[in-house]
Amino acid sequence: MLIKEIRFNNLGPFRGEHVLTLSTDRDRPITLIGGMNGAGKTTILEAVLVLLYGQRSQVWRKSSSYKDYIQSCMNNNVSNNEDTWIQISLLIKSKSDNNTNSDTYIDMSARRSWRIDNGKLIETVNVWKNGREDDYLASNWDLYAEELVPYGVSGLFFFDGEKISKLAEEDEGSKTLKTAISSLLGIDLIDRLISNLRRIISNHDWKISHNKEDERINDIQTRIEETIREHLKISQNVISLDTTIGHNKSKLKEKEEVYLQQGGHYFDNRNKLIDEKNRLNELISNTKGSMIQLSSGPLPLHIVKPLLERIKKSISCEDNIRQAKTILPFLEEYNIQILDILASSASDSILENIRSSMDCKESILVRLSEKDPLFPHYQITHQLNSINKLATTLKKDTARLIEKHEKYQYELDQVEVQLHFDVDESEVSSILQDIKKLTKHILQLEEQKLSILKEKNEIEKQLGLLEQEQKCLLKKKLENELEVEGAQRIVRYAFKSIEVLSTFKERLIIKKISLLEENINKAFMKLIGKKSLVSLIKIDPLTLRMFLVHTNGNEIPKSQLSEGEKQMLALAFLWGLAESSGHTLPVIIDTPMARLDSTHRINFIENYLPSSGRQVIVLSTDEEIKKSHIEILESKIGKMFLLVFDDELGDTEIKQGYFSEVNSYDSKAS
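Numbering of the sequence shown is given in the numbering used here, commencing with residue 14 and proceeding in unit increments.
Here it is as structure tokens:
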């Protein structure tokens with residue numbers, strides 16, 4: 014089924030007749046309808062639901078009555094004698110066409126109109142098939158609409174951002190999730206059949222009379238009815254407790270946010286910060302003491318290191334003086350001996366050169382020997398070597414102490430900043446007390462709920478035993494009462510039917526749950542667009558509770574997911590259910606991305622919108638789908654409209670294009 018056109022007259026902020034011609038192009042399935050808040054986006058979504066289901070639609074439940082809701086949808090700027098109506102033109106796949114890629118459709122239009130006559134709401138339904146008005150379809154529109162778009166699956170295709178957010182906040186075993194799965198799998202229908210069969214058994218039981226088991230059967234039936242009433246009462250108590258717990262959790266969340274805003278985090282850690290400050294001060298003091306101790310030793314000599322080097326050079330020179338004083342007496346005698354030896358064999362010129370060289374060196378040593386050393390040789394040399402080694406070690410120790418001192422001082426500065434944060438201790442303490450009281454109250458309520466659930470389980474076990482006993486007694490009674498053969502046969506077949514339906518229900522769940530899990534997992538992995546804590550989503554076939562499996566194989570609570578992942582999980586749930594429903598229907602989404610961060614918005618736009626259906630109608634604000642997003646979706650967008658609300662007239666006008674295009678055109682026109 015495709016929606017070719019939506020028309021409405023005097024509906025909400027739309028004065029007069031307006032039309033939205035939607036894209037039915039298989040390659041460009043998206044119709045983008047932009048509008049600021051209050052321009053009429055939600056009005057369009059709700060109008061389609063009211064057209065399809067009338068008073069069965071849930072959208073009017075926020076008003077005191079269906080009439081009040083319809084009156085609130087009538088344009089305020091028109092008189093009461095003017096009709097308000099919504100009309101959709103549909104392209105319905107021909108049943109004789111088995112080709113899924115074929116485009117053989119039946120053209121059908123339906124209109125639901127309202128007017129107020131003497132304070133009464135007059136509602137009229139008109140239907141046209143292939144251009145001809147069909148009174149039979151109009152009078153049976155509710156049945157036909159249910160066949161086209163079953164009410165139980167409508168919420169999987171027509172929804173808003175609020176529904177996604179609500180699903181995101183609910184736990185894995187919420188009633189909403191279970192109801193949706195139950196409705197999709199047809200389990201609710203089976204349960205109604207079983208309930209009807211039990212009613213048939215009860216209605217025919219009175220026919221089986223004059224039996225010694227009658228009194229026991231009647232007693233058990235009474236006990237079953239009492240147990241059912243008790244079970245219903247407890248179930249209502251659980252619902253009431255869930256509501257109270259949810260309300261208190263909301264209050265607790267608000268208090269915690271205020272507590273953090275008022276600096277509660279700093280208040281909680283104040284004593285720890287004071288202890289840390291004292292510890293750092295002590296470390297800084299110890300570090301300073303160590304530095305002072307180093308400074309009182311030979312460390313300052315490191316400052317005059319150039320002078321020490323000069324002294325070392327002087328000592329080296331004085332070593333030469335000492336050597337000259339020692340060598341000179343021996344050198345003169347040695348030189349004479351050498352010259353005497355060479356005199357017999359060397360020429361006079363060679364001897365003269367040798368003698369000249371010896372005299373030169375000897376004169377140098379004479380000049381050195383005439384000087385006196387200033388320092389005692391061995392003592393000062395040893396001291397200088399010790400000082401150099403010690404200076405190197407002390408330099409490293411000093412650098413480490415300075416580094417520690419800077420580190421401790423930086424940490425102390427950070428602690429001081431946190432300690433100087435302005436916190437109203439009386440107000441924060443008051444909020445903290447409120448948080449503790451709420452937390453304690455919630456724990457008490459949850460313990461109370463747990464106790465009631467245990468009691469509920471016991472009652473369900475008791476009910477099962479009573480029904481089993483009733484079944485045995487009725488079988489025995491039927492065996493002994495030939496005169497009530499007809500009633501016996503009905504009851505017998507009813508019990509067999511219950512057994513068959515129960516078995517069928519179990520097998521149906523096992524068969525379809527795997528497909529549903531597969532579709533939800535595919536949708537989630539496609540939407541998340543990155544690695545997640547969740548590697549698998551499973552559904553318990555007995556309880557229909559959805560649970561998440563970590564990459565390590567363990568179950569993880571939904572609370573560990575980020576807000577964006579929760580939103581994507583909720584959307585994947587809807588998408589997976591829709592894929593599993595077997596229906597090919599348009600998808601209408603109102604303000605879907607209000608609470609999504611930028612990363613998940615891109616995943617939503619790239620992975621969900623182009624793939625979620627054969628036809629997708631998106632109702633968006635300018636902050637949700639922006640120009641950059643349109644560039645991504647450009648090849649998939651068939652039509653774009655903008656709802657422009659006139660503050661002076663109080664009416665909305667529909668323009669072709671989207672925000673940037675319409676605003677640009679209006680600017681040029683002005």
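Ideal Cβ placement from N, Cα and C applies to all residues, glycine included.
Note to self: I'd like the ranges of any beta strand (DSSP E) spanning at least 3 consecutive residues and lying wholly in the segment 28-105.
What the structure shows: 43-48
Margin query: Out of T117, S442, L528, N88, which one is the CA nearest neighbour of G663?
Written below: N88
Check: Is the distance from the Cβ of G48 to the Cβ of L656 below 8 angstroms?
Finding: yes
Next item on the list: State the DSSP-derived secondary structure class of K551, mapped to helix, strand or coil.
Entry: strand
Next item on the list: Would you mind giving the Cβ-Cβ distance between H514 and I16, rounded to the nearest angstrom? I have them listed as a contact below 8 angstroms.
Entry: Checking the sequence, you will find Leu at residue 514 rather than His. Rounded, the Cβ-Cβ distance is 37 angstroms, inconsistent with contact.
Notebook entry, point to check: Which residues in the same chain have their Cβ closer than 6 angstroms to the Cβ of K681, if we skip the five residues on either side of it in sequence?
Noted result: Caution applies to K681, whose pLDDT of 46 falls short of 50 and renders its modelled position unreliable; the value that the coordinates give is listed next. For K681, where only same-chain residues beyond five positions count, there are no Cβ hits under 6 angstroms.
Next item on the list: Report all residues from its chain with a CB closer than 6 angstroms to the CB of V138; omit the five preceding and five following residues, and keep chain order.
Entry: R125, A151, W154
Next item on the list: Please name the residue or residues paired with K133 in a DSSP beta bridge.
Entry: D130
Note to self: For a test of the three-state rule: what should DSSP assign to E183, helix, strand or coil?
What the structure shows: coil
Notebook entry, point to check: Within the 8 angstroms Cβ cut-off, does L445 reach chain C?
Noted result: Absence of chain C from the displayed structure is noted, only one protein chain being present.
Item checked: Range covered by the beta strand (DSSP E) that runs through S633 -> 629-633
Notebook entry, point to check: Is it right to say Q628 is buried, meaning 16 or more other beta carbons lie within 10 angstroms of its own, or is it exposed?
Noted result: buried
Next item on the list: Determine the DSSP secondary structure at Y391, reduced to helix, strand or coil.
Entry: Residue placement at Y391 is poorly supported in this model, since its pLDDT is 49, which falls under 50; the coordinates still yield a value, given next. The answer is helix: DSSP assigns Y391 an H, G or I state.
Next item on the list: Assign C86 to buried or exposed, taking buried as 16 or more other Cβ atoms, counted over all protein chains shown, within 10 Å of its Cβ.
Entry: buried
Next item on the list: List in chain order: all unbroken alpha helix (DSSP H) runs of 4+ residues lying wholly within the segment 194-269.
Entry: 200-218
Notebook entry, point to check: Going by C-alpha distance, which of N616, E666, K449, A123 is nearest H642?
Noted result: N616
Notebook entry, point to check: When you compare only the Cα positions, how much space is there between K525 and K518?
Noted result: 10 angstroms
Note to self: What would DSSP say about N565, mapped onto helix, strand or coil?
What the structure shows: coil
Item checked: Delimiting residues of the alpha helix (DSSP H) encompassing V504 -> 498-541
Next item on the list: Could you check the C-alpha separation between D372 and E345 for me, to the nearest Å?
Entry: 9 angstroms
Margin query: For Y391 and I340, what's the separation of their Cα atoms in angstroms?
Written below: With a pLDDT of only 49 at Y391, under 50, the local geometry of the prediction cannot be trusted, and the value read off the model is given with reservation. Computed Cα separation, rounded: 19 angstroms.
Note to self: Classify I105: buried if its beta carbon has 16 or more other beta carbons within 10 angstroms, exposed otherwise.
What the structure shows: exposed
Checklist line | Identity of the residues DSSP links to Q481 by a beta bridge | finding: According to DSSP, which records beta bridges pairwise, Q481 is partnered with nothing at all.
Next item on the list: Compute the Euclidean distance between the alpha carbons of H217 and G499, then round it to the nearest angstrom.
Entry: 9 angstroms
Next item on the list: Decide if D610 is buried, meaning its Cβ has at least 16 other Cβ atoms within 10 Å, or exposed.
Entry: exposed
Next item on the list: Could you pull out every residue in the same chain whose Cβ sits closer than 8 angstroms to the Cβ of L45, ignoring the five residues on either side in sequence?
Entry: V631, S633, I638, I643, L646, I650, K652, M653, F654, Y671
Notebook entry, point to check: Taking Cβ to Cβ, would you say I258 is nearer than 8 angstroms to I455?
Noted result: yes
Margin query: For the pair the segment 52-62 and the segment 22-34, tell me if three or more CB-CB distances fall below 8 angstroms.
Written below: yes
Checklist line | For S248 and K462, the rounded distance between their alpha carbons | finding: 10 angstroms
Notebook entry, point to check: In chain order, what residues of the same chain lie with their CB nearer than 7 angstroms to the CB of K484, ignoring the 5 residues before and after it?
Noted result: F508
Note to self: Applying the 10 Å Cβ sphere with the 16-neighbour rule, what's the burial state of H31?
What the structure shows: buried
Margin query: I'd like to confirm the pairing. Which residues does DSSP put opposite S122 in its beta bridges?
Written below: S102, W141
Notebook entry, point to check: Secondary structure at M14, three-state DSSP: helix, strand or coil?
Noted result: coil
Note to self: Among D361, S78, S102, whose alpha-carbon lies nearest the alpha-carbon of L65?
What the structure shows: S102
Checklist line | Within 8 angstroms, strictly: CB atoms of H244 and E473 | finding: yes
Next item on the list: Please confirm whether any heavy atom of the ligand COA lies closer than 7 angstroms to the CB of R627.
Entry: The model on display carries no ligand, and the ligand COA is accordingly not part of it.
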